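Read the structure below first, then the notes.
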């Protein structure tokens, strides 16, 4: 066995260590030369009429390179690199080039909301060690943006000198393994401001997460102001200061789009809607009744889905929001419909009896109404897994995207029904798990989805587990999620980052690292890079948590067991 | 059974709900009258020559009352209270009176570091609903400070009016059930700045925690600059910017003292000292050797305790720090001595053989040296439980204070040996548990002390479990602790607060609430008050986390199961 062991050790030694880039590009070659950044470094664009948001992205990248001021994570924080500063070459320029359509470049924000199967985030990057002009090339401005986020992560600062120690760097046609790489935030259990969301989008940009899944409403509050239905937020927001105006929504959408991020808004229906009862009590079953009996958590109340008027109202609400959004996808939720509530609700039972329908047949009609309205607006519906696996829905369009949340084990069943899926499994990706529970009188207070999902656990997720090879194309990607029963602006950064970067690499880099090793089981190689992106986030004002003592962060692999 | 149930419901209804005070005073009576605070409200002192730190405390209380701006946690955030504003009486003045020694009042900072059995934190408070002058009376300035922290928590703000809805409030001789109520921070695994510590002290003041246990050094870094031994921090701090100067230490001690907080510094020995090897390699066994074999976590290395020169050096280091501190207590640590390391260490084995001692006999000598030095400085030693339960130490002085950390089950055994204890059990009070582990290559990454310790779990701790009635006086109190392998300034507030307030009430209020109910099992009554102090912390710039959706926080008991 000795020769095999020796071979493994030697091969392991060739794994690039301490690279600063997260997610690691799918194709990646680098050296170990020092290359300094010129004091007059600039980023040029080699085509005419670049869109304003690309120019803005270049300005941000220039600023980040100056302000990141990240010391390399090694003992001495780069002092050993400085010996080579005198003889190192200097990079004066990075050139951005478009491979296709350079005559009519689209804004990043436009490319960012293209349909998932038409979105092109690929790019190539070359930074040689001789100081010659670096190049980022791509088919789209969105690809150029991805290249910029990679380029930013090459640079360290020591004693005022900005440099990389990885030159030359050659990345050929890096592109994501999966088209959907998301992060979900619930702004209903507790409220988050636009600035909280923007800071989150900044972090998402850094790790190439391309979808902000905005779970904007829930039973606890309705923080979105809709011109056509002002009563919903007036009665349902925690306060006027804790709601999003239409301008706030557009502000978030614009900010996201400029950073290559699509905004998937979710208005969860027909469950998780108690707060609608504050303005439309007739539309809500079990409103504020005993939640232990009629809801998964307080307060109880869900839309009277069997009522055609309620279905039409819901469709109008969804349409009023969806039509203001550039995204091609919109989520109607569909999780945790409480059948006990409807069974006990007189009006619902009367309507079901009058029309001779079962509850799920009525849900089918409700869904046909709401999804039909969205389809007419050009939107593809997104739903939670119960719509397919529990409610026997028959009217779902084939192109519906299904989010698998209850367990990763459910993914295969959804795919077998022919639907496209997004992995959002509670057992890997729920960031809120393991930190207690929000009920008031439980002396232990453990969470239903203990334990805490470590970055390591999330990182080992296999998107294709139990998926047959002919169904691989149905797996769109995945997302990590923050439900906010016990979170608010106070711990947003610390509970999300850097953990949510785990799935960013799972779904960008895929199963195989650029050196040919499997990603799963490669925690030890990943950790130094994750440290690097975490420290960079902190430099950018995102309060991402430590993963190890600094002693370990400065000594890659030394704190492995 | 019906009459019994009815009785219980009626009695339950008399439990004061939504009181804002944490910890709840041991004697407490209040009403439900609105009392407004005058625009010209002031706090007067009825004795001459009040110490400057009492005057400063009054200034801070005046400011907090203005700046807390806390809306009452009910639907409408106080709008229902405002109906009574017009007819409510107005409080113009609070008077601070000293019951004893009013002729020579001591500074708060002096009273705060009195020996534990001589410390007097008791106070009485009266705020009547007729607008007559309120009174806080106490035997000491420290007691007055405690009264001020209670007084501050009476006040809400609605639409510019500062008011309480609990008048009249009468608290007679509130005093802590236990003299030691602490919070421990590890500043060695990751570094925290003086401002991080001060912010933590602010939160501690609010909930009457009276001891800052500063675990200042550990194997990963030595962030304390000691004039006599500058090499320790020069080689052992993460960087010059990540170490505490003597002035920093005094700054923290002063800031704490003014807030009624004693600073218990710990220099952990003989284990947890690898970093001393960076400047004194000859003093450290197993320095940077295989940590899996020779240490509980990386890096390996602990003082060569069998060497008399090392014992003398250690005593000098401890003395150099201890002599600068006003506290009567100082911790020498003593946890997790790794016997495998010493067994494999040639110099240690040689010294043991030459002197004919076992390892633990040598540890006894080492302890006699270090503790003897501390005793000569007037300091009482504090140690971790292994010193008593595992190492068969015979030279410990009887007055040594022992911290029980491995398990709450170990408390009784320590008490049975006659030592005073501080409860610091990992199974109730470790704030870091349940959030992963710091090793680099574990694909699950669960923590050794899963699960997360919820505030509810901590709140149900019984300090006297398995303690016989004649040993009750040996139980000094307890503390919650943050070990910082995976924490830093980024998540300090959110991982500590409001959870660390749990033990503040456990050890101030004791087992019985002022209405006669048992504390344990009273989660439901405690939660609204904990919400209140959490929201107040946030108003004061401490990023304490949410415990429930705001919908629940505004509706006490409605989100109980």
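Chains as they are written, first to last, in full-length UniProt numbering: chain A, 1 to 561; chain B, 1 to 561. A virtual CB, placed ideally from N, CA and C, is assigned to each residue, including glycine. Only a predicted model underlies this, so the values are computations on that prediction, with no experimental measurement involved.
### Minimum Cβ-Cβ distance from residue 450 of chain B to chain A less than 8 Å
With a threshold of 8 Å between beta carbons, residue 450 of chain B makes contact with chain A.
### Bridge-paired residues (DSSP) for residue 403 of chain A
In the DSSP assignment, residue 403 of chain A is bridged to A:384, A:422.
#### Entry: Contacts around residue 33 of chain B, its chain only, beta-carbon distance under 6 Å, and the 5 residues preceding and following it disregarded
Setting aside the 5 residues that flank it on each side, residue 33 of chain B is surrounded in the same chain by 129, 167, each with a C-beta closer than 6 Å to its C-beta; the list follows chain order.
### Message
Assess contact between the segment 294 to 306 of chain A and the segment 335 to 344 of chain A, defined as three or more Cβ pairs (one per stretch) separated by less than 8 Å. Is contact present?
### Response
Flag = yes, the segment 294 to 306 of chain A and the segment 335 to 344 of chain A touch.
### Task
Please indicate yes or no: does the CB of residue 52 of chain B lie closer than 7 Å to some heavy atom of the ligand COA?
Ligands are entirely absent from the displayed structure, and the ligand COA is therefore not among its contents.
#### Entry: Members of the segment 184 to 203 of chain A that neighbour chain B once the beta carbon cut-off is set at 9 Å
Going along the segment 184 to 203 of chain A in chain order, one finds 188, 189, 190, 191 with a Cβ nearer than 9 Å to chain B.
### Query
With a cut-off of 8 Å, does the C-beta of residue 7 of chain A fall near any C-beta of chain B?
In this predicted model, residue 7 of chain A has a pLDDT of only 37, less than 50, meaning its place in the structure is not dependable; the value taken from the coordinates is given anyway. Using beta-carbon distances, residue 7 of chain A does not count as an interface residue toward chain B, since no partner is under 8 Å.
### Task
State the start and end residues of the unbroken beta strand (DSSP E) segment that holds residue 139 of chain A.
No beta strand (DSSP E) holds residue 139 of chain A; DSSP gives it neither H nor E.
### Message
I'd like the ranges of any beta strand (DSSP E) spanning at least 3 consecutive residues and lying wholly in the segment 320 to 371 of chain B.
### Response
329 to 333, all fully within the segment 320 to 371 of chain B.
### Residues bridged to residue 90 of chain A (per DSSP)
Residue 90 of chain A pairs with A:36.
### Beta-carbon proximity of residue 491 of chain B to residue 494 of chain A, cut-off 8 Å
Yes, the pair counts as a contact, with Cβ atoms nearer than the cut-off.
### Query
Is the number of C-beta pairs between the segment 395 to 408 of chain B and the segment 421 to 434 of chain B that are closer than 8 Å three or more?
Yes, the segment 395 to 408 of chain B is in contact with the segment 421 to 434 of chain B.
### Task
Compare the C-beta of residue 559 of chain B with all C-beta atoms of chain A and state if any pair is closer than 8 Å.
At least one C-beta of chain A is nearer than 8 Å to the C-beta of residue 559 of chain B.
### Query
Which class does residue 544 of chain B belong to by DSSP, given the choice of helix, strand or coil?
In the three-state reduction of the DSSP assignment, residue 544 of chain B falls in the coil class, being assigned neither a helical nor a strand state.
### Cβ of residue 546 of chain A within 8 Å of any chain B Cβ
Contacts with chain B at 8 Å (Cβ-Cβ) include residue 546 of chain A.
### Query
Per DSSP, which one or two residues make a beta bridge with residue 97 of chain B?
Residue pairing by DSSP places residue 97 of chain B opposite B:137 in a beta bridge.
### Query
Can residue 544 of chain A and residue 489 of chain A be called in contact, C-beta distance under 8 Å?
Between residue 544 of chain A and residue 489 of chain A, the C-beta gap is not smaller than 8 Å, which leaves the two residues out of contact.
### Query
Sorted by chain position, which residues of the same chain lie with C-beta nearer than 7 Å to residue 243 of chain A's C-beta, five sequence neighbours on each side aside?
So the list reads 223, 224, 225, 233, 237, once near-sequence residues are dropped.
### Task
Would you identify the three-state DSSP class for residue 181 of chain B, choosing helix, strand or coil?
In the displayed model, residue 181 of chain B falls within a strand according to three-state DSSP.
### Task
Would you check if the distance between the CB atom of residue 212 of chain B and the CB atom of residue 263 of chain B is smaller than 8 Å?
A distance below 8 Å separates the beta carbons of residue 212 of chain B and residue 263 of chain B.
### Spatial distance of residue 367 of chain B from residue 438 of chain B (CA atoms)
Cα atoms of residue 367 of chain B and residue 438 of chain B: separation of roughly 31 Å, rounded to the nearest angstrom.
#### Entry: Closest Cα partner of residue 441 of chain A within the set B:41, B:552, B:275
For residue 441 of chain A, the nearest C-alpha among the options comes from B:552.
### Message
Give me the chain A residues within the contact set of residue 235 of chain B, using Cβ-Cβ distance strictly less than 7 Å, ordered along the chain.
### Response
Chain-ordered listing is empty here: chain A has no CB closer than 7 Å to the CB of residue 235 of chain B, the nearest sitting near 11 Å.
### Message
Distance cutoff 8 Å, beta carbons only. Does residue 441 of chain A sit that close to anything in chain B?
### Response
Closer than 8 Å to some Cβ of chain B, the Cβ of residue 441 of chain A qualifies, so yes.
### Message
List, in chain order, every chain A residue whose beta-carbon is nearer than 9 Å to that of residue 22 of chain B.
### Response
Simply none; closest approach about 16 Å.
### Query
Can you give, in chain order, each stretch of the alpha helix (DSSP H) that sits fully within the segment 161 to 233 of chain A and has at least 4 residues?
Counting only runs of 4+ residues, the alpha helix (DSSP H) found wholly inside the segment 161 to 233 of chain A occupies 194 to 206, in chain order.
### Query
Thinking C-alpha only, which one of B:180, B:509, B:527, B:541 is nearest residue 548 of chain B?
Comparing C-alpha distances from residue 548 of chain B to each of B:180, B:509, B:527, B:541 shows the shortest one belongs to B:527.
### Task
Measure the alpha-carbon distance for residue 162 of chain A versus residue 189 of chain B and round it to whole angstroms.
Taking the straight line joining both Cα atoms gives about 28 Å.
### Query
Got a sec, what are the start and stop residues for the alpha helix (DSSP H) residue 495 of chain A sits in?
Taken as a continuous stretch (DSSP letters only), the alpha helix (DSSP H) holding residue 495 of chain A covers 492 to 496.
### Query
Alpha carbon to alpha carbon, how far is residue 158 of chain A from residue 529 of chain B?
Looking at the two C-alpha atoms, the distance is approximately 49 Å.
### Message
For a minimum of 3 consecutive residues, which ranges assigned as the beta strand (DSSP E) are wholly contained in the segment 18 to 83 of chain B?
### Response
DSSP assignment within the segment 18 to 83 of chain B yields the following whole beta strand (DSSP E) runs of 3 residues or more, N-terminal first: 29 to 45.
### Message
Applying the 10 Å Cβ sphere with the 16-neighbour rule, what's the burial state of residue 109 of chain A?
### Response
Buried is the label assigned to residue 109 of chain A, since at least 16 other Cβ atoms lie within 10 Å of its Cβ.
### Message
Any beta carbon from chain B within less than 8 Å of residue 485 of chain A's own beta carbon?
### Response
Under the Cβ criterion of 8 Å, residue 485 of chain A is counted among the residues facing chain B.
### Task
Determine the direct distance from the alpha carbon of residue 421 of chain B to that of residue 390 of chain B, and round the result to whole angstroms.
Roughly 16 Å separates the two Cα atoms.
### Message
So, does the segment 140 to 156 of chain A touch the segment 165 to 182 of chain A, judging by three or more C-beta pairs under 8 Å?
### Response
Taking a contact to require three or more Cβ pairs closer than 8 Å, the segment 140 to 156 of chain A and the segment 165 to 182 of chain A qualify as touching.
### Task
Could you tell me whether the Cβ of residue 511 of chain A comes closer than 8 Å to any Cβ of chain B?
Residue 511 of chain A is outside the set of residues whose beta carbon lies under 8 Å from a beta carbon in chain B.
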